[in-house]
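Worksheet for the structure shown next.
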Amino acid sequence: MSMNRNSNPLREYLLEGPLEPILNSIPGGVFAFAPEKGFVPVFVNRPFLEMMGAESAEMLRESVKGDYWQMMHPDDVETAKAVYARVSRVVGDQDHFECRLVTQSGRIRLVRIIAQAQIDRKGRLLLVNFVVDLGMQNILDAKSHMDAQTGLLKMHAFFSLMTNARRQIESGSEDRQLAVLFFDVINFRQINLHYGVAAGDDFLNAIGKILQMAFPEFGTARFGGDQFAVLVDNRDLEERANHARTMICQIAPSSVDCSVGACAWDDAAINPEEVCNRAKLACDENRKHVNTFFSFYTQESGKALKIAEYVASHVDEAVEKGWIQVYYQPIIRAISNQICGMEALVRWIDPRKGFLFPDVFINVLEETQQIWKLDLCVIRQVIEGIAEREKQGAPDIHISVNLSRVDFLCCDIFGEIEAMIQAYDVSRGMLHIEVTESILTSSETKIFQALDRFRDAGYEIWIDDFGSGYSTLNLLKDYDFDVLKLDMGFLRKDTPRSREIVSSVIAMDKKIGGLTLAEGVETEEQANFLKKSGCDFLQGYYFSKPMPYDKALRNCMEKGATVENVEQKPYYDAVQQVNFMTDLPLMLMYGKEASNRKQ
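Just so we're aligned: 409 in the numbering used here is position 422 of the sequence shown, and the numbers increase by one with no gaps anywhere.
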């Protein structure tokens, strides 16, 4: 079979579909054959010929004397036939196997072949094969280097692959440039939550196969969870990454997407792990921009990476030396315009790096599973402050603290807080526990067990960032909470529709016995609208920006606010659970239950 380099014989056989753009551009090995004609390729691409050491398709045919099974080691033929028979049963199905190819020179190449069944333009079955050379990967001990779930490389095996690939390219005559693509699945937990863990595993396996087909030139790795890395030729990165993302989204629920970061490996002095970190950082940059799913690593990203590395390696020192400071933002009760609480917010004041805001260090510490150290440091300062103010006879003000998902998984967060509360003899009612909506969509039972312990002990549970995720109604139905904090992204575009949504959420919360807090209130107009809508608590720069406790309190009081008497809290909370937005006559009665205890 002769092959013209400028022609595309496979186009004669394949329907135009999702594979065609990939087959026209990928540098990895590809061959296809029609089972009804036997194992006789109707198409082979140039990289596959190079892999086999053949200058042309005709030369390949002559070297095997027309029997293409001779391309494979005899011991692997039956495995290949079994896979082909299985894949042939369902159009669109695919499977993979590893085998040894025998090149023209007699050299043995260990490869992975991904076979997929397609229908050609004449309605005949065609098996398309994507060939990945495993010889470069140095992973003959496959079990110890492969992810058990997906069959992809593990992270450290991927680093070895990168090193070997660079060494081979630099020692050869090929002028190829390398890059790493980092894929992160957005909202993957929604699949586990709504469809089950088995469906989540199947989805991860499917992503692995898509990435192997889309980028077969070197190798693909799973970096844990829902994150993947691919070593590729540095060409058309954005176009190819977006095509892979499209294929992933086609098999995903509408709430699930994919973010991609790219980093060129143009400096041999940079080690593989650093290249992957840079690609991941570029991927993380997408979060900062609406509807952005692909980013290149830049010098600005590099500065952020250095800060991230500093944060991860200095958090213990920061906690020990007092660089972690608590700032407070007042919470105003809408019905009385009184200060009824404060939220504890963290700042990192570093002698070398200066004033670090949370968006610089929070994500880093969560990803490195060190955020619990920071949170316990903040909570200790908060409880110490409550105890000290009680000694001084200052007004009691409730404080809410934020807990991360990592806190529940990396330490006994309930036990740690209980120990502090008892050590400083502080009432549990003075400390409120804030958790984000995303935590409550987790499948870890350990989190819910800890939250139940908090509630049973007398702590209030607040849900932060309500409305920012995809499981809002399920949260209202499935979990009992005290205060719902509205994500004020609803009002960033202040339209009649957005206001209607906010009013509806507030009314719905009252119907199920909850209270609402709107954070991010920046203008008098927003504050007045929220009060009229029945919102119970207000928080934001309109009242005070986060400051040290005394400054925040003084700043808010200078604007006319007073401090609520802590004994009035039960009364106000009960009153605010009533929906005043009604046309029916309304009468409120408040009283105390008589004691039945014997004196």
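Even glycine gets a Cβ: it sits at the ideal position worked out from N, Cα and C.
Exercise. What three-state label does DSSP hand C250 in the structure shown?
Worked result: Translated into the one-based positions of the sequence shown, residue 250 becomes position 263. Strand, per DSSP.
Exercise. Near A437, what residues of its chain come up, given a Cβ to Cβ distance below 7 Å and the 5 sequence neighbours on each side ignored?
Worked result: In the sequence shown, residue 437 corresponds to position 450, counting from 1. Counting only Cβ-Cβ distances below 7 Å, and skipping sequence neighbours, we find F395, I400, F401.
For this session: Quick one: using the 10 Å Cβ neighbour count with 16 as the cut-off for buried, is Y528 buried or exposed?
Result: Position 541 of the sequence shown, counted from the first residue, corresponds to residue 528. Exposed is the call here.
Exercise. Just reading off the alpha helix (DSSP H) that A291 is part of, what are its end residues?
Worked result: Residue mapping note: residue 291 aligns to position 304 of the sequence shown, counting from 1. From DSSP, the alpha helix (DSSP H) with A291 extends over 286 to 307.
Exercise. With a CB to CB cut of under 7 Å and the five nearest residues on each side skipped, what residues in its chain are close to R111?
Worked result: In the sequence shown, the residue the question calls residue 111 occupies position 124. Correct list, in chain order: A21, E23.
Exercise. What three-state label does DSSP hand V206 in the structure shown?
Worked result: As a working note, residue 206 is residue 219 in the sequence shown. The amino acid at residue 206 is misidentified as Val; the sequence shows Gly. Strand at G206.
Exercise. Quick one: is A331 buried, meaning 16 or more other Cβ sit within 10 Å of its Cβ, or exposed?
Worked result: Counted from its first residue, the sequence shown places residue 331 at position 344. Classification for A331: buried.
Exercise. Helix, strand or coil: which one does DSSP assign to W310?
Worked result: Reading the sequence shown from its first residue, position 323 is the one you call residue 310. DSSP places W310 in coil when its eight states are reduced to three.
Exercise. Nearest-angstrom Cα distance between D244 and K109?
Worked result: The residue labelled residue 244 in the question sits at position 257 within the sequence shown. The residue labelled residue 109 in the question sits at position 122 within the sequence shown. Answer to the nearest angstrom: the Cα atoms are 35 Å apart.
Exercise. The beta strand (DSSP E) spanning L121 covers which residue range?
Worked result: Counting from one through the sequence shown, the residue named residue 121 turns up at place 134. From DSSP, L121 is part of no beta strand (DSSP E); its letter is neither H nor E.
Problem set entry | S158, DSSP secondary structure in three states | On the sequence shown, position 171 is the one that residue 158 refers to. Here S158 sits in helix by DSSP.
For this session: Determine the DSSP secondary structure at F18, reduced to helix, strand or coil.
Result: Stepping through the sequence shown from its first residue, residue 18 is reached at position 31. If DSSP states are grouped into helix, strand and coil, F18 belongs with the strands.
Problem set entry | Buried/exposed call for K267, threshold 16 Cβ in 10 Å | Mapped onto the sequence shown, residue 267 falls at position 280. Answer is buried; the Cβ neighbour count reaches 16.
Exercise. Would S458 be called buried (16 or more neighbouring beta carbons within 10 Å of its own) or exposed?
Worked result: Numbered from its first residue, the sequence shown carries residue 458 at position 471. Confidence in S458 is poor, its pLDDT being 47 and thus under 50, which makes the residue's placement too unreliable to answer from.
Exercise. Which residue or residues does DSSP assign as beta-bridge partners of D171?
Worked result: On the sequence shown, position 184 is the one that residue 171 refers to. D171 is bridged to Q214, S246.
Problem set entry | Contact check, R227 vs F202, beta carbons under 9 Å | On the sequence shown, position 240 is the one that residue 227 refers to. On the sequence shown, position 215 is the one that residue 202 refers to. Going by C-beta atoms, R227 is nearer than 9 Å to F202.
Exercise. When DSSP labels each residue in this structure, what does K472 get in the three-state scheme?
Worked result: Sequence index remark: in the sequence shown, residue 472 carries index 485 (1-based). Strand, per DSSP.
Exercise. Do we get a CB-CB distance below 9 Å when we pair E304 with the residues of chain B?
Worked result: Of the protein chains in the structure, only one exists, and it is not chain B.
For this session: From the DSSP output, in three-state form, read off D134 for me.
Result: The residue given as residue 134 occupies position 147 in the sequence shown. Coil, per DSSP.
Exercise. Considering only the beta carbon of each residue, do I294 and L361 sit closer than 9 Å?
Worked result: To locate residue 294, count along the sequence shown from 1; it is residue 307. To locate residue 361, count along the sequence shown from 1; it is residue 374. Taking 9 Å as the Cβ cut-off, I294 and L361 do not qualify as a contacting pair.
Problem set entry | 4 or more residues per run - each alpha helix (DSSP H) lying fully within the stretch 397 to 439 | 400 to 410
For this session: Report yes or no: do the stretch 245 to 254 and the stretch 270 to 285 share at least 3 C-beta pairs separated by less than 8 Å?
Result: yes
Exercise. Would you call T207 buried or exposed, if buried means 16 or more other Cβ atoms sit within 10 Å of its Cβ?
Worked result: Taking the sequence shown and counting its residues from 1, the one referred to as residue 207 is at position 220. Buried is the call here.
Exercise. Bridge partners of H385, per DSSP?
Worked result: Here residue 385 is taken as the residue at index 398 of the sequence shown, counted from 1. Note: H385 sits in a beta bridge opposite G328.
Exercise. For L127, is the classification buried or exposed, using 16 other Cβ atoms within 10 angstroms of its Cβ as the cut-off for buried?
Worked result: As a first step, residue 127 is located in the sequence shown; it is residue number 140 there, counting from the start. Residue placement at L127 is poorly supported in this model, since its pLDDT is 38, which falls under 50; the coordinates still yield a value, given next. Flag for L127 reads exposed.
Problem set entry | Check whether Q587 and I322 have beta carbons under 9 Å apart | In the structure as shown, the chain starts at -12 and stops at 586, and residue 587 therefore has no counterpart that could be examined.
Problem set entry | Whether A539 touches Y315 by CB criterion (9 Å) | Position 552 of the sequence shown, counting from 1, holds the residue named residue 539. Position 328 of the sequence shown, counting from 1, holds the residue named residue 315. Closer than 9 Å, so yes.
For this session: Give, in chain order, every unbroken run of the beta strand (DSSP E) that is at least 3 residues long and sits entirely within the stretch 486 to 522.
Result: 502 to 505
For this session: Please name the residue, chosen from K340, D63, Q91, that lies closest to M38 on a Cα-to-Cα basis.
Result: The residue you call residue 38 lines up with position 51 of the sequence shown. Checking every option, the nearest Cα to that of M38 belongs to Q91.
Exercise. How long is the line joining the alpha carbons of A102 and V115, rounded to whole angstroms?
Worked result: For the purposes of this step, residue 102 is taken as residue 115 along the sequence shown, with counting starting at 1. For the purposes of this step, residue 115 is taken as residue 128 along the sequence shown, with counting starting at 1. Using only the alpha carbons, I get a separation of about 6 Å.
Problem set entry | Assigned secondary structure, I101 (DSSP; H/G/I helix, E/B strand, else coil) | Here residue 101 refers to the residue found at position 114 when the sequence shown is read from its first residue. I101 falls in the strand class under three-state DSSP.
Problem set entry | CA nearest to the CA of K433, picked from T137, D451, I349, C397 | If you number the sequence shown from 1, residue 433 lands on position 446. Of the listed residues, the one whose Cα sits closest to K433 is C397.
Exercise. If you count every other CB in all the chains shown that lies within 10 Å of the CB of F468, and 16 or more means buried, which is it?
Worked result: Position 481 of the sequence shown, counting from 1, holds the residue named residue 468. Answer is buried; the Cβ neighbour count reaches 16.
Exercise. Would you call the stretch 402 to 412 and the stretch 368 to 382 touching, i.e. three or more CB-CB distances under 8 Å?
Worked result: yes
Exercise. Residue range of the alpha helix (DSSP H) that Q563 falls in?
Worked result: Residue 563 sits at position 576 when you count from the first residue of the sequence shown. First-last of the alpha helix (DSSP H) with Q563: 556 to 563.
Exercise. Distance, Cα to Cα, A494 vs G500?
Worked result: For the purposes of this step, residue 494 is taken as the residue at position 507 of the sequence shown. For the purposes of this step, residue 500 is taken as the residue at position 513 of the sequence shown. Spanning the two alpha carbons is a distance of roughly 10 Å.
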